Each structure stands twice: as C-alpha cells, then as structure tokens.
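Heads up: the structure comes next, in structure tokens.
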Amino acid sequence: MKLLPASIAGRFLTLLFASIFILHLGSIGLYHWGLEAELDVTNEKRLAERLASVKRAIARETPARREELAHALSGGPLEIHWSENDPAPGRTEITTTDFASLKQKLLSVAPELAENGLSITAASPLPEHASATRFLLVSMRLHDATWVNVTATRKIDPQTGFQSVALSTTVMVLGVIGVAAFLIRQLTRSLSTLVDAANRLDLSTGGTPVEEAGPSEVRALSIAFNDMHRRVKRLVDDRTQTLAAISHDLKTPLTRLRLRSEDVADADLVRAMTADIVEMETMLDSTLAFLRGDQIDEDIKPIDLGSLLDTITSDLTDLGYDVAQVRASSVVARGRHLALKRALWNLTENAVKYGRRARLSLDKRGALAVIVIDDDGPGIPDSEKEAVFRPFYRIDDSRNREMGGVGLGLTVASSIIQSHGGQLSLENRSGGGLRTTVSLPL
Amino acid sequence: MNQAISPGNSDNPMPGAPSDRLVQVPAQHHILLVDDDAELRQLVAKFLRTNGFRVTTVRSAPELRHAFSSMPIDLIILDIMLPGVSGLELCREIRKTSVVPIIMLTAKADEADRVVGLEIGADDYVTKPFSPRELLARINAVLRRMAIDPGLRRPAAARGYRFEGWILDTLKRELTNPDGIVVDLSTGEYDLLLAFVEQPQKVLSREQLLDTARNRVATGFDRSIDVQVSRLRRKITAGDDDHAMVKTVRGVGYMFVPTVAWS
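Taken in order, these protein sequences are the chains called B and L.
Using the numbering used here, you'd call the opening residue of the first sequence number 1 and step up by one each time.
Using the numbering used here, you'd call the opening residue of the second sequence number 1001 and step up by one each time.
If you want it as structure tokens, here you go:
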C-alpha cells in the first residue's frame, strides 16, 4: 500500500500505467508467438522445396563437381556440403519429437527427399556462429550412396523485440495517461468542491451548500453531504429555538414581575428588585444575541465610531466606572450600528469589570479603524487566550462569578467583529493589564 | 404646544418620587391593550389607569377588531405574539383604514428588528420586559407627536424628524448626519434630542427637559441636564460652535434652533 501515491489521481494513474504495461507486454508476446508459428510454417515449406531442388541439382552433376556446386548453392541460413560417406555414421536417427515433426512436415511438402534416406539431427554449434541459437543438420542420401549435408541456422535478435515493446508502450501509455489525467481532474474537481464546501460549512445558511452534480458516486456523496448539513442544521436550529423560546417565554413573567414591583411600598426593595430584573434581562438578551449570531438583519451603514466610543465612555462613567478616551479621532467605518455598539460595549465593560479601568483610543491605520482598549487588570494567562472566546466560558476565578453575566460577552463581541471582516486580539501589556485591539475595515 | 395634549408639560408635584402618577393627563385618552397573557393585561391596565388613561383590554384579533370598530380609540398597544395571528399582520391591517397610533410589544430583539425593518406602520415598540415608566414614556411620546400633527398628514412611510440635513429616526432610535453617517447617541442623549425636536424654537427649562427625559427611560439620566446637553452638542456640532443647534438661554434653559420637519 505504501507504494501507491496518496491521491486518487496518483493511484488511478499508477494503476492505469501498470495495467497498460502488462496488457501491452502480453499482447506483444502473443503477437510474436503467432508470427513465429506462421513464419515456421512458411520456412518449413521453403526449406523443403529448397532441399528438394538442391538434392536434384547435386544428384545430376558429376561427383567431381558436386562439392563445387554445393558450395555455390549455399547462402542465407543454409550451408551445403557434399560428402561421399555418411557425415555422422552410427548416429541415432531422429532423437527428439521436435525433429520428427519437422521431418514429417518436410516430407509432406517434398516426399522425394526421403527416396534414398534422410536424417535430421541437431548440429553442434560452431564457434563462428556464436549468435546462432539453433542448428539443424539435414543429411540426404543420394542414389549413388553419397550424401548432401545441409546445415540450417536460425538467428534471433533478442534486442529489437524488447526495444520496440518499450517504445510502443511508452508512446501509448503517455497518450492514455494524458487523456486519463484530464478526465480524473474533472472527477476530482467535484471532490475538491465538496471539500471546500465542508470547510466552509456554515449552519446559518439554509439550502444546499454543495452542488449535486458530477459522476454518480460524487453526486451521491454531495447529496449525502447536503442531507447531513440539513440534519445538523435542524438539530442546531431546534436547540437554538428551544433556548430562544425559553428566553423569550421568560420575558412575560419578568414583565409581570416588573409591573408588580411598582406596588411595593419599600423604595429600596423596589430598587433591588429592579436591579435583579435588569440583570436577568441582560443575561437573556446576551443569550439571545449569541443565539441569533449572524442572523442580525441590521442594515450596513457608515458609522461614526468616535460617537460610539463617546456613548460607551459616558454611559459607563455614569454607572461609576473609570473610563476615558486617551485619543479620539473621527473615524467612519461601514457596519451594523447596534451590533458594533454591543461588541465594543462588551469589550469595554470587561475592561472596567476585570481590569478596574479602561482607556480607549481610536485611530485610522491604513484601511483599518483600530480601537485599543487598555485595562489595569491581571490580564489573561496565555493558556486561556483561546478559551476565553468560547461561549459560557469564564476564567475559573471565584471573583469573576460575582461580576455577573453568563460568559458570552467576548464570544458575542468576537463573532460580531469577525462578521464585519475585522479582527479582535488580546495581549498582556508589558506594564501589566490587558490590551484589547479591535481592527475594522473602513 | 398646547398644554392639554402635551402631558410632558403638566406639572409634576414630586419630581423623582417613586410614584405611578408621573403624569396627569387632563383629557382621558382611551388605550386599547391587546395581549394574550391575562395577568399581564391586568397589570398593565392597572398601571395605565393609575396614570390617568382609560383602558380597554382584549386578548385576540377578533376581539380587537370588534372593540376597534365599536368605540373611539386613541392608541393601541399590540403584542406581537398573539394566538393564531401575527401582531405585525394585525398592525398592517389596522393601518389600511386608520392612523390610530400603534405601539408594538415585542419580546425578542429580532421581533423589534421586524417592527423597525418592515413598513408595517407601527409608531413605536417596547421590548419585554419593559419598565412601566418606559411604556408610559413611549405612550406619551406617541400621543404628543399625534398632538403636534393631529391629522397625521405625514406620509405613511415617515417616521422621523429632519433638521439641517440630520435625520432622527424615532422607530430605529437612530441619528444620521447630513453625510448619511450614523452618529451614536446614548439613551439619555436620544431622549433629550427627541424632546428638542418635538418642540423646536421653544425655550425649554431644565425641569421640563428632566421631566420629559425621566418619563421616557429611568436609567442613565442621573447626570445633570447640563452634562447631557454638552454631550449631545458635541455629537451634533456641524463643525463650528457659533452655529450650535442647541442654544443656551441664560437663566432659563435651552432652545433647539433649527426648523424641524417630518421625514
């Protein structure tokens, strides 16, 4: 398995290459085998005819000139000699079935070869014919008991076969792989689309996040993915709605409580009750705001961020907190007014609650509006920096419990700022305290 | 404005006292309260009656239609969540035939968004859990606006004041400057500005302003009127201080200089 490349395309192409190579090798083998068999038949026929004519010609000549003639008739794969005696006396006639069938084939073409006697044996290879692979010695006895001896060689060049196989395979494989690479790209593109869709999975949007197209398997996968998206969304929506409904339904009894508190004679008690009600209301509101997330359908408008910070500063000052703007400038950014106000309010409120005081500054840096909120608190340990953005998370510190809230302030602020294409970062200042930096595109 | 239909101007015997009787309304306004929660209906009705209103309560759309057609109504308080029918639809339905002021009761922020975002014709909204003072303030503000423009000649889509290019949207409670940029106001500053634009070119005493503001929302108005005015001024300066929109009238109070029109 390790040998295979990781990607589908790589595996597919490797497989394709291997199978084309094997197939090609096989087919070339088969072709050669058939060609050889065909050639053998033709060769045998020609050999028989040639042997017959050699025999006839030599038999007609006077013995003195026979060797000369035999030499003249030699050529190609045949080497012909004439001898008065048996060239290989005492041999065992026809040793293998191979030669037996050859003899039979030769005789079926030219029966006169066997008139006075015929023997076919294997000849021992001669040094000068090192490349020859097979030797055949055909001895024909003439009517006067002399012999015509024919040595046949068959040469095979083992290299040409392999080279042509390699060349044609390469050409073919390159062609096929070119086409296959194109096709597989098409195939894997629909898969990459699916991967992108899974990465971008956003539960706040309905409908079908992935186009249900492509090859049937990919389409089935897309449909399954969309279905899963729907189910996950329904699950989340159901839970969101349940929580929202509870938060919502709590508001009617809270309203009644508020109205009833009007009848209480004790002014201090009324004030305390009102404070409790307001706290519950704030918790419900922040929970609902968190649950609504990006569903806020507020219009995007140019907002004077300076006036926003002014309001936050004066409201928190009126509530008795130490808030001041160290540097204010008029910066306008496009965004959702109330959402941005909520985000900046949450961050500043955190600063005054956990960091004793807040110092705000607003600047324009390039294409960004940068809001810095410094506090004098203990800061946030590096290990908690990720966690503080999680919903309902609070740094485990009993002191923090007394601050109220449900642990959604940073979560809500962060998601609002992100939905504006901005960034929120927290860093501990070198001189102590936490620095919260918000940057928003103008 | 005339005293009879401007409850904010009526004298309050004990400013700041924890009392239901924040305003005396000489002419009894008839309010139709529509809510499906019986106890809430009862509590709100009781509160409004102690504040000098005549209140009729109904709990459903058919009852609302019947009551509305059988007696004169000055203002409707309409819960957005009613059994069987959406308050938004009902509001639209009433608007087709009548200009009666309508205040919506919402429980969710996104319901408030819909009241604000859709052209359903509501005059204002109050989010549950509302404080009784806030409800009273909204009622008074809407009735006051009605008194300024009794026939409601304003176009149906109009819902704000315009002055020197600035727009104060009373439904969104949002201020936009002449460049179309949203300028954020605190609740106190909004209330103050609303008091000014409702009675422009009129000298308003600190007591009057305090009254109006306190009638609206209870929180965030502890600072003196002078502080609030200076904060508001800073936000609505058109660049030069000579051209201040809010003028100090020495020894008396403040006056809102620009002419104001319905927008």
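Idealized CB from N, CA, C, for every residue including glycine.
These numbers were taken from a predicted model, which means no experiment stands behind them.
Proximal chain L residues relative to residue i, where beta-carbon distance stays under 7 Å
i                : result
Leu259 (chain B) : Leu1043, Val1044, Phe1047 and Pro1132
Val406 (chain B) : Within 7 Å Cβ-Cβ: nothing; Val406 (chain B) doesn't reach chain L, min ~16 Å.
Lys364 (chain B) : Correct list: empty, because the minimum Cβ distance to chain L is about 15 Å.
Ser314 (chain B) : Ser1186 and Arg1231
Lys341 (chain B) : Asp1184
Ser307 (chain B) : Val1183, Asp1184 and Lys1235
Partners in chain B for residue i, counting only beta-carbon separations shorter than 9 Å
i                 : result
Ser1263 (chain L) : Those do not exist, as Ser1263 (chain L) stays about 16 Å from chain B at its closest Cβ, beyond 9 Å.
Per-residue contacts from residue i into chain B (C-beta, under 7 Å)
i                 : result
Pro1129 (chain L) : Lys251, Leu254, Thr255, Arg258, Ile277 and Glu281
Residue i: contacting residues in chain L (beta-carbon distance under 8 Å)
i                : result
His337 (chain B) : Glu1174, Val1182 and Asp1184
Ile303 (chain B) : Ile1181, Val1182 and Asp1184
Lys353 (chain B) : What Lys353 (chain B) touches in chain L: nothing, since even the nearest Cβ is about 18 Å away.
Thr311 (chain B) : Asp1184, Leu1185, Ser1186 and Glu1189
Those residues which DSSP pairs with residue i across a bridge
i                 : result
Leu1198 (chain L) : Residue identity differs from the one stated: residue 1198 (chain L) is Glu in this sequence, not Leu. DSSP output for Glu1198 (chain L) lists no bridge partner at all.
Met1081 (chain L) : L:Ser1086
Lys364 (chain B)  : B:Ala369
Ala265 (chain B)  : Beta-bridge pairing links Ala265 (chain B) to no other residue.
Tyr1254 (chain L) : L:Leu1204 and L:Thr1248
Thr62 (chain B)   : Looking at the DSSP assignment, Thr62 (chain B) forms no beta bridge with any residue, so it has no partner.
Ser119 (chain B)  : B:Ser139
Leu423 (chain B)  : First, the amino acid is wrong: residue 423 (chain B) is Gln here, not Leu. In the DSSP output, where bridge partners are listed per residue, Gln423 (chain B) has B:Ser439.
Pro302 (chain B)  : B:Arg334
Val1183 (chain L) : B:Asp304 and L:Leu1175
Asp322 (chain B)  : B:Arg357
Thr151 (chain B)  : B:Glu79 and B:Leu137
Gly1160 (chain L) : L:Asp1169
Tyr1125 (chain L) : L:Met1104
Leu102 (chain B)  : In the DSSP output, where bridge partners are listed per residue, Leu102 (chain B) has none listed.
Val232 (chain B)  : Answer by DSSP bridge pairing: none, since Val232 (chain B) is not bridged.
Ile1076 (chain L) : L:Leu1032 and L:Ile1102
Arg1054 (chain L) : L:His1030
Trp1262 (chain L) : L:Tyr1161
Spatially closest choice to residue i from the options, by CA coordinates
i                 : options                                       : result
Arg429 (chain B)  : B:Phe392, B:Leu410, B:Gly379 and B:Val412     : B:Gly379
Glu1063 (chain L) : L:Gly1052, L:Thr1259 and L:Ile1076            : L:Ile1076
Leu1168 (chain L) : L:Leu1143, L:Arg1144 and L:Val1197            : L:Val1197
Leu142 (chain B)  : B:Ser83, B:Ala110, B:Met172 and B:Ser101      : B:Ser83
Asp322 (chain B)  : B:Lys341, B:Arg359, B:Arg336 and B:Pro77      : B:Arg359
Leu309 (chain B)  : B:Met280, B:Trp345 and B:Leu284               : B:Trp345
Leu1049 (chain L) : L:Ala1061, L:Gln1028 and L:Asn1140            : First, the amino acid is wrong: residue 1049 (chain L) is Arg here, not Leu. Checking every option, the nearest Cα to that of Arg1049 (chain L) belongs to L:Gln1028.
Ser414 (chain B)  : B:Arg342, B:Ser119, B:Leu316 and B:Leu137     : B:Arg342
Ala152 (chain B)  : B:Gly175, B:Leu78 and B:Gly29                 : B:Leu78
Arg189 (chain B)  : B:Ile8, B:Asn350, B:Ala244 and B:Val148       : B:Ile8
Pro1129 (chain L) : B:Thr252, B:Arg231 and B:Arg60                : B:Thr252
Glu427 (chain B)  : B:Phe225, B:Ile417, B:Val438 and B:Ser419     : B:Val438
Ser419 (chain B)  : B:Leu440, B:Arg435, B:Leu434 and B:Ser425     : B:Leu440
Thr146 (chain B)  : B:Leu174, B:Asn226, B:Asp86 and B:Val331      : B:Asp86
Lys301 (chain B)  : B:Arg11, B:His337, B:Val331 and B:Asp266      : B:His337
Gly1160 (chain L) : L:Ser1263, L:Val1034, L:Arg1054 and L:Glu1039 : L:Ser1263
Tyr1254 (chain L) : L:Ala1261, L:Leu1032 and L:Leu1210            : L:Leu1210
His1066 (chain L) : L:Arg1054, L:Gln1042 and L:Ile1094            : L:Ile1094
Ser222 (chain B)  : B:Val232, B:Arg239 and B:Leu191               : B:Leu191
Gly75 (chain B)   : B:Arg66, B:Val150, B:Leu25 and B:Gln104       : B:Val150
Ser330 (chain B)  : B:Leu442, B:Leu73, B:Lys385 and B:Arg239      : B:Leu442
Nearest-angstrom Cβ-Cβ length linking residue i and residue j, presumed shorter than 8 Å
i                 : j                 : result
Asp1184 (chain L) : Thr287 (chain B)  : Between Thr287 (chain B) and Asp1184 (chain L) the Cβ distance is about 24 Å, and since that is not below 8 Å, they are no contact.
Gly409 (chain B)  : Pro391 (chain B)  : Not a contact, Cβ separation roughly 10 Å.
Leu51 (chain B)   : Leu113 (chain B)  : 6 Å
Asp376 (chain B)  : Gly432 (chain B)  : 7 Å
Thr348 (chain B)  : Leu316 (chain B)  : 6 Å
Ile1103 (chain L) : Val1142 (chain L) : 6 Å
Ala70 (chain B)   : Val148 (chain B)  : 7 Å
Ser1060 (chain L) : Leu1082 (chain L) : 6 Å
Arg327 (chain B)  : Asp363 (chain B)  : 7 Å
Ser314 (chain B)  : Arg1231 (chain L) : 6 Å
Ile373 (chain B)  : Ala333 (chain B)  : 16 Å between Cβ atoms; not a contact.
**Item:** Contact list for the stretch 1027-1039 of chain L against chain B, Cβ threshold 7 Å
**Value:** For chain B, the residues of the stretch 1027-1039 of chain L that bring a beta carbon within less than 7 Å of one of its beta carbons are Asp1037 and Glu1039, in chain order.
**Asked** Which residues, in chain order, does the stretch 1223-1235 of chain L contribute to contact with chain B at a C-beta distance below 8 Å?
**Response** Arg1223, Arg1231, Arg1234 and Lys1235
**Message:** Please list, in chain order, the residues of the stretch 320-332 of chain B that have any C-beta partner in chain L closer than 8 Å.
**Reply:** Answer in chain order: Val332.
**Asked** Taking a cut of 9 Å between CB atoms, which residues from the stretch 371-395 of chain B lie near chain L?
**Response** Under the 9 Å Cβ criterion, the stretch 371-395 of chain B contributes no residue.
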